[in-house]
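What follows is a set of notes on a single structure, which appears directly below.
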Amino acid sequence: MAIAELLVKPMQTDDRVNIERIHALFDNELGYFEAIPHPRETLVLAAQLRATQRLKMIDAIHAATAIKGGCKYFVTHDAGLAKNFQGLEVVDIKAFL
Numbered sequence: 013m014a015i016a017e018l019l020v021k022p023m024q025t026d027d028r029v030n031i032e033r034i035h036a037l038f039d040n041e042l043g044y045f046e047a048i049p050h051p052r053e054t055l056v057l058a059a060q061l062r063a064t065q066r067l068k069m070i071d072a073i074h075a076a077t078a079i080k081g082g083c084k085y086f087v088t089h090d091a092g093l094a095k096n097f098q099g100l101e102v103v104d105i106k107a108f109l
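Heads up, the sequence shown is in the numbering used here, so the first residue is 13 and it goes up one at a time.
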């Protein structure tokens, strides 16, 4: 889901450079990010986060996936997600650009 979200704007503007950069972030050889599946317990946590934190479902799924995956950081470009979730530190993607 994160890959799909990140690719929308570059695909809208046909920004080939950033499309390749985004793919490279998830390339197993680089190891910056890992795409992981969404089992039921992750989706249940997403529902809980959505209910208690007033998140959009997509944001709740992303946060729950990161928490269940043992991530330390939640990288986003969404200024509305300025809070941390259950030990997961929210980081603005601008820090990487």
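For every residue, glycine included, the Cβ atom is placed at its ideal position computed from N, Cα and C.
- In terms of Cα proximity to aspartate 90, the closest of His74, Arg52, Glu46 is His74.
- The alpha-carbon separation between glutamate 101 and isoleucine 79 amounts to approximately 10 Å.
- Aspartate 104 is bridged by DSSP to Thr88.
- Boundaries of the alpha helix (DSSP H) harbouring isoleucine 31: 28-37, taken from the DSSP string.
- Contact between the segment 48-66 and the segment 80-87 is present, with at least three C-beta pairs closer than 8 Å.
- In this structure, isoleucine 70 sits away from threonine 88, with a CB-CB distance that is not shorter than 8 Å.
- Straight-line measurement puts the Cα of alanine 14 at about 18 Å from the Cα of lysine 95.
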